[in-house]
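Visitor: In our numbering, the protein residues as written are 51 to 349.
All C-beta atoms, glycine included, are put in the ideal place defined by N, C-alpha and C.
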Amino acid sequence: MGSVNSTVVVGYDRSAPSQQALLVAGREASLRHAVLTVVHAYHYARPTTPMFFTPPRLQDVYDKAAKKIAEEGVDYVRARYPDLEARPVAEAGPAAHVLLTAGKEAALLVVGNRGRGGFAGLLLGSVSIRVLGGASCPVIVAGGDGRDGAAAYDRVVAALDIDEPGCADVLAFASDEAAYRHVDLVAVYVSEDEERWVMEQNLVAAGLMKSSAEVAADIEERLTVAVLHAHAQHPEIKTSHQVVAGTTGKVLTEESSRADLVVVGAHRRHGEHAGLRIGPVATTLLHHAHCPVAVVPHG
Numbered sequence: 051m052g053s054v055n056s057t058v059v060v061g062y063d064r065s066a067p068s069q070q071a072l073l074v075a076g077r078e079a080s081l082r083h084a085v086l087t088v089v090h091a092y093h094y095a096r097p098t099t100p101m102f103f104t105p106p107r108l109q110d111v112y113d114k115a116a117k118k119i120a121e122e123g124v125d126y127v128r129a130r131y132p133d134l135e136a137r138p139v140a141e142a143g144p145a146a147h148v149l150l151t152a153g154k155e156a157a158l159l160v161v162g163n164r165g166r167g168g169f170a171g172l173l174l175g176s177v178s179i180r181v182l183g184g185a186s187c188p189v190i191v192a193g194g195d196g197r198d199g200a201a202a203y204d205r206v207v208a209a210l211d212i213d214e215p216g217c218a219d220v221l222a223f224a225s226d227e228a229a230y231r232h233v234d235l236v237a238v239y240v241s242e243d244e245e246r247w248v249m250e251q252n253l254v255a256a257g258l259m260k261s262s263a264e265v266a267a268d269i270e271e272r273l274t275v276a277v278l279h280a281h282a283q284h285p286e287i288k289t290s291h292q293v294v295a296g297t298t299g300k301v302l303t304e305e306s307s308r309a310d311l312v313v314v315g316a317h318r319r320h321g322e323h324a325g326l327r328i329g330p331v332a333t334t335l336l337h338h339a340h341c342p343v344a345v346v347p348h349g
């Protein structure tokens with residue numbers, strides 16, 4: 051669970067999506083008893099300006115204006131969470147880079163789905179995509195129907211792939227979130243028709259001859275064990291699971307319409323290009339979910 055030493059970092063640029071992100075981050079920090087860092091990234095001068103450097107006086111103007119925006123963000127979130135320990139940070143540089151630097155030691159990063167520079171029809175902005183691509187901690191994208199993560203449905207949904215080694219990490223994060231919020235945890239595994247057919251063909255070819263009923267029973271058993279383990283971590287919350295036939299993205303998007311948060315996994319990249327590798331299911335959710343989406347690194 052959270053501690054007074056943990057930090058939640060959120061990006062703020064005065065846009066409506068970043069205000070929603072502030073409220074989601076404020077709620078998370080409040081639930082975790084964490085410090086909230088409100089980050090505003092800015093540029094000294096437009097790239098078209100024919101200057102090799104910014105005059106000190108002009109630089110001072112940019113610095114003060116940026117700090118004021120970060121402080122506005124702190125005031126905005128404190129209006130909802132007055133007891134929250136929050137601090138403003140204003141840094142010059144590309145927004146994603148500034149956020150990732152601020153979030154290096156954070157327990158959680160929160161971004162809006164779009165910033166001030168996005169097109170009106172854009173579902174996920176470039177800064178959010180870059181933050182997701184470079185993050186080393188879980189990231190919540192505060193998109194969806196404009197909800198701030200406050201309890202509307204009293205359930206957190208964990209989108210599980212039981213064959214993924216990172217399934218336990220996704221479930222552990224979702225379980226913690228449900229416990230922070232005192233709501234139910236629902237683990238959802240989507241069984242795709244095409245996947246089932248391919249699996250059966252492979253089993254038959256290998257001479258194992260498992261029927262679809264046996265395959266389904268095996269998935270059900272493994273899911274039950276995983277959810278029981280999560281429940282053991284937080285016995286105070288109600289946990290359940292369901293296996294749903296259909297298309298993963300479509301099923302999980304529908305589930306998000308009656309959830310306060312959907313949690314999904316992403317492979318962690320190592321080496322020079324460290325960060326998260328966002329798969330097709332997470333991508334679909336980030337673009338179409340009706341509530342905030344948490345992306346949890348694993349691997």
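Does DSSP put ALA157 in a helix, in a strand, or in coil?
Guide: Correct three-state label for ALA157: coil.
Visitor: Three or more C-beta pairs closer than 8 Å, one from the stretch 134 to 142 and one from the stretch 78 to 90: is that the case here?
Guide: Yes, since at least three Cβ pairs between the stretch 134 to 142 and the stretch 78 to 90 fall closer than 8 Å, the two stretches touch.
Visitor: Let me know if VAL54 comes out buried or exposed under the rule of 16 or more other beta-carbons within 10 Å of its beta-carbon.
Guide: For VAL54, the pLDDT reaches just 49, beneath the cut-off of 50, and the residue's location in the model is therefore unreliable, although a value from the coordinates is still provided. So VAL54 ends up on the exposed side.
Visitor: Return helix, strand or coil for PRO106, following the three-state DSSP convention.
Guide: DSSP places PRO106 in helix when its eight states are reduced to three.
Visitor: Roughly how many whole angstroms lie between the Cα atoms of SER306 and LEU108?
Guide: In a straight line, the C-alpha of SER306 is about 46 Å away from that of LEU108.
Visitor: Does PRO330 come out as helix, strand or coil in the three-state DSSP assignment?
Guide: PRO330: helix per DSSP, three-state reduction.
Visitor: Label GLY296 either buried or exposed according to how many other C-beta atoms from any shown protein chain fall within 10 Å of its C-beta, with 16 as the threshold for buried.
Guide: By the neighbour-count rule (16 or more Cβ atoms within 10 Å), GLY296 is not buried but exposed.
Visitor: Going by DSSP, name the residue or residues bridged to ILE190.
Guide: Beta-bridge pairing links ILE190 to VAL160, ALA344.
Visitor: Is the beta carbon of HIS348 closer than 7 Å to that of GLY216?
Guide: Yes; because the gap between Cβ atoms is below 7 Å, this pair is in contact.
Visitor: Rounded to whole angstroms, how far is the Cβ of ARG128 from the Cβ of PRO67, which I believe are closer than 8 Å?
Guide: 20 Å between Cβ atoms; not a contact.
Visitor: Going by alpha carbons, who is nearest to VAL181 out of LEU149, ASP204, VAL238, THR289?
Guide: Nearest of LEU149, ASP204, VAL238, THR289 to VAL181, Cα basis: LEU149.
Visitor: Could you check where the alpha helix (DSSP H) with THR289 kicks off and where it finishes?
Guide: THR289 -> not in any alpha helix (DSSP H); beta strand (DSSP E) instead, spanning 289 to 295.
Visitor: To which residues of the same chain is GLY168 closer than 7 Å at the C-beta, ignoring the five residues directly before and after it?
Guide: The predicted model places GLY168 with a pLDDT of 46, which falls under 50 and marks its position as unreliable, so this point remains unresolved.
Visitor: Have a look at the DSSP bridge pairing and note the partners of ARG319.
Guide: ARG319 is bridged to GLY325.
Visitor: Using a Cβ-Cβ cutoff of less than 8 Å, which residues in the same chain neighbour VAL189 once the five nearest sequence positions on both sides are dropped?
Guide: Result list for VAL189: LEU158, LEU159, VAL160, VAL161, VAL181, LEU182, LEU326, ALA344, VAL345, in chain order.
Visitor: Between which two residues does the beta strand (DSSP E) carrying ALA79 extend?
Guide: Premise fails: ALA79 lies in the alpha helix (DSSP H), 66 to 82, not in any beta strand (DSSP E).
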